[in-house]
Structure formats: C-alpha cells, structure tokens
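*Asks:* Input: one structure, supplied below.
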C-alpha cells in the first residue's frame with residue numbers, strides 16, 4: 011500500500027531546508043516511545059467464544075447452505091485447489107489441528123495468522139474479524155494450501171486492525187472454528203502543529219534571555235549561566251530497511267542551548283530523508299525517513315551554550331529487509347523396500363525463508379506423532395517406523411509450507427512379509 015504525502019511545516023535548524031525534490035512521506039512518523047496502553051482487541055461486548063458457538067449453530071451451516079466462491083474479488087473462502095480434492099474416500103468432520111495464536115505487535119508491522127485444517131471432503135474456509143466476514147484487500151491476503159494450511163496475512167498493521175479473528179472450516183459433515191486476538195500498539199505521531207515556527211522560537215529564546223537580564227534594582231533576580239544538561243536521551247534502536255526512526259532528547263541550561271547532531275563527525279542537516287526539529291515542549295528530534303544501511307552507525311548529539319556543552323551518543327542498527335522465498339526440497343524422499351519387523355527411516359530436508367513448517371501424510375491421510383515417530387529440526391524432517399509390517403506399505407508424503415508457498419516430496423514404501 012502507499013502513503014499520501016502530508017503538507018510539510020517549516021523546520022527549525024537554521025539552514026535552508028527546502029527539499030531538493032518531492033519525496034513521498036508517510037502520514038504517520040513513528041516515535042521511539044510506544045504507548046503504554048494496548049489497542050483494544052475488540053469491542054468489550056464482543057465474545058469470540060460466543061461467536062464461534064453461533065457459527066456452529068447457524069441453520070445455514072447445519073444445512074450446508076453456506077456459499078463459497080474463489081474468484082479474485084471474493085471473500086476469504088476457497089474452492090478446492092487441486093483436482094484430487096474432488097475425489098475423497100470416506101468422510102471426516104473438519105478439524106483445526108493447529109490453532110491460531112495471539113499476536114501483539116507495533117503499528118506498521120506485518121502479521122500472519124496460521125492454522126491447519128483436516129477433513130473430508132476438503133473443508134471450505136472463511137475468516138471473520140469481530141464477527142464480520144472478511145474480504146481480501148490490498149493489505150489483507152488469504153491462502154489455503156493443498157496440505158491444509160490456512161494463512162491470513164495483514165500488511166502494515168494499524169490500530170484499527172486490532173481485534174478478534176476467527177477462522178471457520180466447514181464441509182458436508184460439520185464445521186470447526188478457532189479464534190485468536192491481535193493487539194496493535196499504536197505509536198506517536200508528528201503533525202504540523204508540533205513544529206516550532208521561526209517566529210515562535212525567537213520569542214521563546216527572547217523570553218529566556220529577558221529572565222536572565224532582569225536587574226536586581228527592578229525587583230528581579232539575576233540568574234547565572236548554567237551548563238547544558240540532558241534530561242532525556244534516546245535509547246539505541248534497531249530498524250528494518252525502509253522504516254522511519256526518531257531520536258528524541260530534552261535539554262536544560264541558561265542561556266538555552268543550541269543542539270547539533272553528528273554522524274561520522276559530519277553535522278546532520280535537514281534534507282529529503284533527515285529532519286532536525288524541535289517542538290513547542292522543547293523536545294529536540296532527529297528523524298530519519300526510510301532508513302537505509304547508510305544510516306547505520308553511531309550518532310553524537312551536542313548541546314552548547316556560553317557556559318559549556320553536554321554530549322551523548324546513540325546507535326542505530328539498520329537491518330536489511332529479509333527476502334521471502336517459498337520452500338523447496340534439497341533432500342527428497344526415496345522409494346524404499348523393507349522386510350517385516352525392520353526399522354524404516356524416511357528423511358527429507360526443505361529450505362525456504364522463513365523456515366517452512368513440515369508435515370507428513372500416508373496415502374493422503376495426515377499423520378501425527380501418535381502414528382509414527384516424527385522429528386523435525388531446522389528444515390530436516392524424519393519419520394521412523396519401528397518393527398514395520400506389511401500394513402505400513404503406502405505412499406508417504408512430506409509437505410513444507412511457509413507464507414510464500416509450499417512444496418512436497420513423496421515416495422513408496424513396500425514392506426515384504428516374512429515367508430512361513
């Protein structure tokens with residue numbers, strides 16, 4: 011999604027700060043300190059458990075009359091994505107075997123809800139927020155893989171995205187639901203009224219100077235000059251490539267100190283991507299718009315007046331944006347012939363970014379650790395069958411899935427019985 015550029019007020023740094031070229035800027039500039047209060051996850055009268063129960067009891071679901079579509083402009087429901095889904099042996103009640111997890115994040119981050127669904131025929135999926143059916147949008151994407159993984163991804167989350175999220179799985183035999191909560195911590199904003207116009211700053215400085223120059227004969231008290239002292243200094247920060255960063259500080263001293271920011275011993279000036287500002291509360295800020303690796307490093311802030319100076323250092327670590335890659339198998343399953351009572355080990359390895367989740371199926375039926383000994387670590391997954399019998403002969407399949415896609419590998423296991 012894109013941001014519209016707000017009008018830019020005059021900034022105070024004593025330098026000509028007219029931009030060299032138009033640069034898009036976000037409507038909201040995140041500040042360092044996050045609000046203590048959490049965004050409310052949903053209206054207080056909304057109960058996800060009650061909504062789930064209502065979904066299960068709705069007449070239209072009991073009678074199988076819910077409508078699902080799969081065109082691009084549809085809601086979050088999906089038709090079967092694979093031809094073999096249309097042919098199912100037996101019937102199974104829909105079950106959400108991997109449930110949704112609650113999330114808490116900072117405004118502007120991405121979040122992906124993931125769950126896993128089983129059932130025959132293949133269940134249809136619908137997503138709800140605070141009881142309202144969700145639709146696809148530019149920031150909201152929904153996927154449903156052949157292996158039963160359902161994902162709901164929300165990009166650049168805003169406080170209004172906080173709430174209760176429910177997934178519904180339904181087929182002709184029944185339905186299952188699951189809910190989770192999303193909390194979005196809002197960050198402060200900078201608006202046009204928070205900047206000091208040059209005339210205002212001049213009056214502020216003149217007022218301080220008048221207090222210093224008051225004479226004893228006029229009933230005033232002469233105030234001695236005092237060295238600058240920082241009352242508030244920023245913490246070191248980490249930021250993703252392209253994120254906005256803000257360092258704030260508060261200083262005292264008489265006469266009122268001048269503030270300068272430096273990086274690599276070069277004084278920072280306001281330009282298209284950096285803003286040196288002060289607001290009416292006396293908070294000085296260095297704002298970095300769309301941080302890059304060139305902004306990575308240590309910054310020095312100096313406050314000076316005729317009585318002396320004060321300094322602090324702060325570090326910005328800019329992390330490169332992580333690339334996303336769908337899974338693929340670098341070690342695939344191989345057909346295997348075994349004798350009865352032999353121990354059989356099937357192994358495969360998948361890579362992807364982020365690291366994919368792994369699952370196993372036997373003749374298209376989902377397996378769990380109760381069925382066989384399954385272990386997975388760092389993309390390498392192993393299925394072990396102890397004392398194999400002819401009943402274990404089947405097609406075994408391992409699936410890997412992440413937010414970017416999915417992959418699978420399969421092989422045939424034949425267990426030959428002992429001859430009497």
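Numbering (the numbering used here), first residue to last: 11 to 430. All C-beta atoms in this analysis are idealised placements derived from N, C-alpha and C, irrespective of residue type, glycine included. Note that the structure is a prediction, hence the values are computed from the model and not measured.
1. So, residue 166 versus residue 118, is the Cβ gap smaller than 9 Å?
2. Which residue wins for smallest C-alpha separation from residue 349, given the options 400, 251 and 241?
3. Give the DSSP-derived three-state secondary structure of residue 343 in the structure shown.
4. Please name the residue, chosen from 396, 168, 176 and 120, that lies closest to residue 196 on a Cα-to-Cα basis.
5. For residue 124 and residue 144, what's the separation of their Cα atoms in angstroms?
6. Cα-Cα, which of 323, 120 and 319 is closest to residue 267?
7. In this structure, what does DSSP give as the bridge partners for residue 395?
8. CA-CA distance, residue 432 and residue 152?
9. With distances taken from CA atoms, which of 335, 341 and 324 is nearest residue 4?
10. Out of 187, 368, 177 and 173, state which residue places its alpha-carbon closest to the alpha-carbon of residue 193.
11. Please classify residue 294: is it buried, with 16 or more other beta-carbons within 10 angstroms of its beta-carbon, or exposed?
12. Please name the residue, chosen from 113, 182 and 188, that lies closest to residue 60 on a Cα-to-Cα basis.
13. Considering only residues of the stretch 240 to 269, which uninterrupted beta strand (DSSP E) runs meet the minimum length of 3 residues and lie entirely inside it, listed in chain order?
14. For residue 408 versus residue 343, is the C-beta spacing smaller than 9 Å?
15. Taking only three categories from DSSP, how would you classify residue 169?
16. Which word fits residue 369, buried or exposed, when buried means at least 16 other C-beta atoms lie within 10 angstroms of its C-beta?
17. In its own chain, which residues sit with a C-beta less than 6 Å from the C-beta of residue 402, not counting the 5 before and 5 after it?
18. Anyone know if the C-beta pair for residue 421 and residue 337 falls short of 9 Å?
19. Compare the Cα-Cα distances from residue 175 to each of 364, 140, 136 and 414 and report the closest residue.
20. Rounded to a whole number of angstroms, what is the C-alpha to C-alpha distance between residue 127 and residue 298?
21. Pull up the CB-CB distance for residue 185 and residue 104, whole angstroms please, since I reckon it's below 8 Å.
22. DSSP three-state call for residue 423: helix, strand or coil?
23. Within 10 angstroms of the Cβ of residue 157, are there 16 or more other Cβ atoms? Answer buried if so, exposed if not.
24. Can you give me the Cβ contacts of residue 386 inside the same chain, cut-off strictly under 6 Å, excluding the 5 residues immediately before and after it?
25. Let's see if you can read the secondary structure: which residues bound the beta strand (DSSP E) around residue 138?
26. Kindly indicate the opening and closing residues of the beta strand (DSSP E) around residue 159.
27. Whole angstroms is fine: what's the gap from residue 330's alpha carbon to residue 391's?
28. Could you have a look at residue 337 and say whether DSSP puts it in helix, strand or coil?
29. Over the uninterrupted beta strand (DSSP E) stretch that includes residue 102, give me the two end residues.
*Replies:* Let's see:
1. Against a cut-off of 9 Å, the Cβ pair of residue 118 and residue 166 comes out as a contact.
2. 400
3. coil
4. Among 396, 168, 176 and 120, the Cα nearest to that of residue 196 is on 168.
5. 16 Å
6. Among 323, 120 and 319, the Cα nearest to that of residue 267 is on 319.
7. Per DSSP, the beta bridge partners of residue 395 are 354.
8. With the chain covering only 11 through 430, there is no way to say anything about residue 432.
9. Past the edges of the chain, shown from 11 to 430, lies residue 4, and the structure says nothing about it.
10. Closest by alpha carbon: 173.
11. buried
12. 188
13. For the stretch 240 to 269, whole beta strand (DSSP E) runs of length 3 or above, ordered along the chain, are 247 to 250 and 255 to 264.
14. Cβ atoms of residue 408 and residue 343: closer than 9 Å.
15. helix
16. buried
17. 395 and 425
18. no
19. 140
20. 44 Å
21. 6 Å
22. strand
23. Its Cβ being crowded by 16 or more others within 10 Å, residue 157 is buried.
24. 368
25. The continuous beta strand (DSSP E) containing residue 138 extends over residues 134 to 139.
26. 159 to 164
27. 29 Å
28. strand
29. First-last of the beta strand (DSSP E) with residue 102: 102 to 108.
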